[in-house]
Every structure is written in structure tokens, then in C-alpha cells.
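In my numbering, the protein residues as written are 1173 to 1676.
Beta carbons: idealized from backbone N, C-alpha and C, even for Gly.
Keep in mind that this is a model prediction, so the values were computed, not measured.
Input: a single structure, listed below in C-alpha cells.
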Amino acid sequence: MVPNLAKFSNLIRSKLSDLSDLATFPPQFILLSSSVGVGLGLLLLGSTSPMQAVGGLLSCLGILLIWRSHSSAFRDRLTGLPNRTLFMRRLERSVRQTNQRKQNGFAVLFLDLDRFKSMNKKFGSKRGDRLLVKIASRLKTSIGSHDFLARVGGNEFAILLSEVQSEEQASWDAHHLQVQLNLPFEIDTQEICLTTSIGIALSSAGYVWSDDLLRDAQTAMYHAKSLGRARYALFQPSMRVQAVTLLQIETDLRRAVERQELRLHYQPLVSLQTGKIVGFEALARWQHPKHGLIAPAEFIPIAEDSGLITSVGYWAMLQACYQLRIWQQRFLTDPPLMVSVNLSSRQFAQPNLINQVECVLAETGLDAQSLKLEITESMVMEDIEAAIATLEQIKALNVRLGIDDFGTGYSSLSHLYRFPADTLKVDQSFISRIGLDEENNEIVRAIVTLAHNLGMTVIAEGIETQEQLAMLRSLNCEYGQGYFFSEPLNHEAAATLFAAAPRW
């Protein structure tokens, strides 16, 4: 016989003493109606009468209703994962037990899905929700049985890794999660690829408050984003100062366009057949009133995350086209000079991108063939079908298209032939190793051959030596840019260089 009603009720209530813990388990009780339910009550509760059994079942039902209401308060409705509230309670307990030496060290990983907001806009919220559910499911199968996963924000997850003794172990776990999340997700027969930025904070730093630990993991995540996304970073105390600085930079950036603090520098694009300059790539710079010239690697990620990149990107496209129109009127060349402008992922996902390009061309009077828009291969892979549709609309305007940083993303060769691109830009990480090892040389040769077979011309990025230039010419690579020719220049210096008619 199972314990009597009083003992059983006390047992249930003792299990409910920490509702936040119980919320991590699914319901284990089944309530039955009719005579079967009464018989179950008699059997389980050791009751001596049907009325006592019914009372016992009603008592259990009341307790379970209380449990269910508390359980939903600790659960994320979309994914079914524990929410931020429950995660913080679990984290508080781990901090307390670690400080009392009742638990070994642990780590907190703070995960943010890169560019998820722009993807959500592109796909719609329903598809975005289904993607989040699949991400949550993949994360659950990618962590240990004693680790604790929660959804702590719209596109943010946190993981409490138990039994972590070193930075190396936590870093390996973060890398493993990134590898898993880099694998494509299928939503409505479409493949979607995404990347994740992860911040890591270790309990070995001697935290007293759980809020501080989670905050530092989040700060490390923002640091990873500032390095270019798709990375992980271990928290360092210096990052707190950096986080404040980044916040100030974001505030200043909002005013930079109005105050005309942004500048465009132009890096020459050289024909490797003639050695002459045939165009320029426009690169944004920020002349900050206090910090001086700020490189794009420092402020573009902030602009991306804050949404400011859309206004900055439109400004860059407009200014580059205005400047090129001035140069074309001053320097009569055949074919006319051209300019390349980089599109950010958020810009590329904008529904009004085509309208913006049309407006820029109409306002500046620039021939569409003189403008080339460059995107990275990873941007295309976020939603292949939608990306191809956007690319085809751009091509319909007679604007040229280029795929930037080829070889560093996740594009599939089976999709590459479908991209209506004019040029393929070989990433400088491959160009810099030309002549250093034969395997790298073969990779460059294969990329050039592939592009030519697909009807694209090739641009080699980051040329710095005569040896690199010689090999690229032997491969019939059409164009090059890099410090071997010139660093990015302001518009006056770029015009002076072109007027000097250099040949390499």
C-alpha cells in the first residue's frame, strides 16, 4: 500500500517547496474521471472510502493546478525552454553552492543569433518563430545532460555549463555549439543558414551575484560581435569599459550622418591586363570629433546591430554615385570609371532596397552600368531563394553585382551558378598566402577557374607583393586591389592618383 492521504499530500507539498525547480520537469500525474478515477484514488491514497478518495483526488488536482500556473511562469511559451526568470534562479543556486564549495566550477554561455532581426523581417514572424523552435531543439541535443539551457530574450539563449574547470573547456563547448548552429535549418523547404556570437563567463572569477555573471557573459558576447560576429569571446574585465565605449559610439553614430562626420575613402581597382585604374571601391570612414578617424571594423558592426546601417548604407551609395559622376565628367575614359559599394545584410534584406537604388541612380544621373553592388556569400546563404530574387531585381536595373570575400562563407557550389553575379572577389586571406604553400595556390587557381566557367570576372583582394601580382596575372585574373597599388584615399587624393595615370 502506498502512503496514506496525509503522507502523500505532504510528499507532494514537499516536492513543490521549490516550484522553480519543479518547473524544469514535465507533469507526471494523470487524473481520471468516473469510477476508474475513484478506484485510482482508493489505490494510491490508501483511502478507506470513496468520498475520501474523491477528496484526495481533488486535493491533488488543486496542487497540480498551482504547479501548472507556476510552471508556465518559468517557461518560454514558444520553445518550451526555461525562461530568464528560471535561469536566474538556477544560476543563483549554482553561484551559492560554488561559493560554499558544494559544487565545482561552471560557466555561463550567452548566445545571440547574428542578424536574426533582419532575417525575421525577411521571412515574417511565423517563419522566424519556427526557426527559433528548431534552434532551441538543436541546442538541447548539443549540450550535456547536466547543463541548463534557457531562452532569455527574443533571439538570445543562455546555457549554464556544469563541471567546467578551464577556459579551454568552455571555449571548446562554445565552438561546438557554433558548429552545430552553422548547419542549415530547413523552413518550408528553404535552407536557412545563420551564425551565432557567444560570450563566456566563468564562475572561477569569484562571483557573488548571479546578475553580474550573466551581465559579463552578455558583455563578452557583444565583444565577440564587435570582432565581426560568428565568434566567441571569454569575458575580461577590460570589456566592461569597452561596453560603455561601444554604447557611447552608438549614441554618437546616430548623430554622425547629420553632422557630416562620415567620409568615403576610395581604393583603386586595377586591371591586371593593362595595369591601369578602372574604378574604385567606396569604403566608409568616420571622422569622430574626439576619437579621430574610426575604421569601419569598429563602427560598422555597431551600426548593423542598432539598425543604423540602413541610413549609413544609403548615404554611402548616394555619395559614391555623386562622386563617380563628378569623376566621369572630369576624366573621360572608355569604358567609363565605375564604383563598387558594399551592401550590409540588413540593407540587402530591406523590402525597399530596389527603390533606393533606383532613387540614387535617378538623383545622381549615373549610368547603372557604372555602379556595382557587392554582397558577401554568407548574406546570400541566409535565404537562398529570397536572395536570388533580390539579385535578379538588381540585375534588371542593369546594375552590376559582385560576390565579396568568396571562400570564407558557407555557400554551396550547387547554388553558385544561380547567382546572377558579374564578379567574384577572392578573399585576401587566400591572396596573402600566394607563394607560401602550393595547396593555397591550387585553391586560388580553382576559384579563378570556377568563376570563369560561370561567366564571371575575378577580383583579387589584398594584393601586397609583386609575386602575388605575377601569379594572378598568370591565372588570367582580371582585376586586383590592395596596398601594392594604393591604400584607400579620400576623394581628392584618389583623383590626384588617377590623374597621374600610374601603370603597374
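Item	Value
Could you pull out every residue in the same chain whose Cβ sits closer than 7 angstroms to the Cβ of Trp1487, ignoring the five residues on either side in sequence?	Val1429 and Leu1434
Which residue's Cα is closest to the Cα of Asn1322: Arg1572, Leu1281 and Ala1392?	Note on residue identity: the sequence assigns Ala, not Asn, to residue 1322. Looking at the Cα atoms, Leu1281 is the closest of the given residues.
Starting from the N-terminal side, write out each stretch of the beta strand (DSSP E) that is 3 residues or longer and does not extend beyond the region 1480-1527.	1510-1514
Are the region 1527-1538 and the region 1550-1562 touching by the rule of at least three beta carbon pairs closer than 8 angstroms?	no
Does the Cβ of Ser1290 have 16 or more other Cβ atoms within 10 Å, making it buried, or fewer, making it exposed?	buried
When burial is assigned at 16 or more other CB atoms within 10 Å of the CB, is Asp1477 buried or exposed?	buried
Does Ser1369 come out as helix, strand or coil in the three-state DSSP assignment?	strand
Please state whether DSSP places Phe1452 in a helix, a strand or coil.	strand
Taking the alpha-carbon positions, what's the Gly1451 to Asn1514 distance?	14 angstroms
Any idea if Tyr1379 is buried or exposed, counting beta-carbon neighbours within 10 angstroms, 16 or more meaning buried?	buried
Whose C-alpha, out of Asp1555, Ile1566, Phe1520 and Glu1557, is nearest the C-alpha of Gln1541?	Ile1566
Starting from Leu1699 and walking both ways along the beta strand (DSSP E), at which residues does that stretch end?	Summary: the structure shown does not reach residue 1699, with the chain confined to residues 1173 through 1676, and so no result is reported for it.
Leaving out the 5 sequence neighbours to the left and right, which residues in its chain are closer than 8 angstroms to Ala1389 when beta-carbon positions are compared?	Val1280, Leu1281, Phe1282, Ala1330, Gly1371, Ile1372, Ala1373 and Phe1407
Let's test the definition: count the other Cβ atoms within 10 Å of the Cβ of Asn1327 and tell me whether it reaches 16, buried, or not, exposed.	buried
Using DSSP bridges, identify the partner residues of Ala1405.	Gly1371
In chain order, what residues of the same chain lie with their CB nearer than 6 angstroms to the CB of Glu1264, ignoring the 5 residues before and after it?	Ser1382
Out of Thr1251, Ser1334, Lys1298 and Leu1669, state which residue places its alpha-carbon closest to the alpha-carbon of Arg1310.	Thr1251
Applying the criterion that 16 or more other CB atoms from any shown protein chain within 10 Å of the CB defines a buried residue, is Val1208 buried or exposed?	Any reading at Val1208 needs caution, since the residue's pLDDT is 41, under 50, leaving its predicted position unreliable; the model's value is listed next. The residue is exposed, with fewer than 16 neighbouring Cβ atoms inside 10 Å.
Sort out for me which residues DSSP pairs Leu1441 with in a bridge.	Gly1451
By Cβ distance, which residues of its chain are closer than 6 angstroms to Gly1607, with the 5 residues on each side in sequence left out?	Glu1639
Just to confirm my understanding: we take Leu1529, look at its own chain, exclude 5 residues before and 5 after, and list those with CB closer than 7 angstroms. What are they?	Leu is not the amino acid found at residue 1529; the sequence shown has Val there. Within the same chain, Val1529 has close Cβ partners Ile1566, Leu1569 and Val1571.
Relative to the alpha-carbon of Pro1660, which residue among Ala1672, Leu1644, Gly1634 and Leu1641 has its alpha-carbon at the smallest distance?	Gly1634
Measure the alpha-carbon distance for Gly1652 versus Ile1556 and round it to whole angstroms.	28 angstroms
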